[in-house]
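Using full-length UniProt numbering, read the sequence shown as starting at 1 and increasing by one per residue. Note that CB positions come from ideal geometry on N, CA and C, so glycine has one too. Note that this is a predicted model, so its numbers are computed, not measured. Report on one structure; see the data block that follows.
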Amino acid sequence: MTITFEKFTSVQIEQVFDVATDFESFQNKMGNFFPSIRIISVRPNTTLVEEHINLAGKEMVVMAKHIIEKPTLHETFIVGGDAKGSHITENFQQTSNGTKITITVDFKSKGKMRLSGMFSKGKFENEFPKIYDKLILIAES
Numbered sequence: 001m002t003i004t005f006e007k008f009t010s011v012q013i014e015q016v017f018d019v020a021t022d023f024e025s026f027q028n029k030m031g032n033f034f035p036s037i038r039i040i041s042v043r044p045n046t047t048l049v050e051e052h053i054n055l056a057g058k059e060m061v062v063m064a065k066h067i068i069e070k071p072t073l074h075e076t077f078i079v080g081g082d083a084k085g086s087h088i089t090e091n092f093q094q095t096s097n098g099t100k101i102t103i104t105v106d107f108k109s110k111g112k113m114r115l116s117g118m119f120s121k122g123k124f125e126n127e128f129p130k131i132y133d134k135l136i137l138i139a140e141s
């Protein structure tokens, strides 16, 4: 299942990009979505992270490879866990009023996630953008 959506913020591109790629702070600042984050490996422009993600009241455990091209592109490849094979692309674009973020999520549910049917298209389309609403609130504060 693939969805694309846009978010807008009045803050500059670097500021919102830094918040969106500060994985270590996700557990503290967005614990309702990310109850557990563990950084496995950090290399220039690439970070491997074990993430527990809450969406629609269900918790997924994934291994995520984050690739960063600051300040315009953040790609996340889910290389293991409940959503293995999923891919998220975040494109950041400076505008005259701040920053536009275009997010494309190609979500693949595996194992118990597929069996639970927790991610019907409508539910998924409503739940995933809430993470970005929270990121923007943090960036704007």
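Asked: State the Cα-Cα distance for the pair Ser-36 and Ile-78, rounded to the nearest angstrom.; Found: 16 Å
Asked: Taking the continuous beta strand (DSSP E) assigned at Asp-106, which residues delimit it?; Found: 98 to 106
Asked: Once the 5 residues before and after Thr-2 are set aside, which same chain residues still bring their CB inside 8 Å of it?; Found: Thr-104, Val-105, Asp-106 and Phe-107
Asked: Give me the DSSP bridge partner(s) of Phe-77.; Found: Lys-65 and His-87
Asked: Would you call the CB atoms of Thr-72 and Phe-17 closer than 9 Å?; Found: yes
Asked: Which value, in whole angstroms, describes the spacing of the CA atoms of Phe-33 and Ile-88?; Found: 16 Å
Asked: Measure the C-alpha to C-alpha separation of Ile-101 and Met-63 and round it to an integer number of angstroms.; Found: 24 Å
Asked: Using beta-carbon positions only, say whether Glu-98 and Thr-9 come within less than 9 Å of one another.; Found: The sequence as given places Gly at residue 98; Glu does not occur at that position. Yes; because the gap between Cβ atoms is below 9 Å, this pair is in contact.
Asked: How far does the beta strand (DSSP E) with Val-19 in it reach, from first residue to last?; Found: Taken as a continuous stretch (DSSP letters only), Val-19 belongs to no beta strand (DSSP E), being part of the alpha helix (DSSP H) at 13 to 20.
Asked: Please report the distance separating the alpha-carbon of His-66 from that of His-74.; Found: 7 Å
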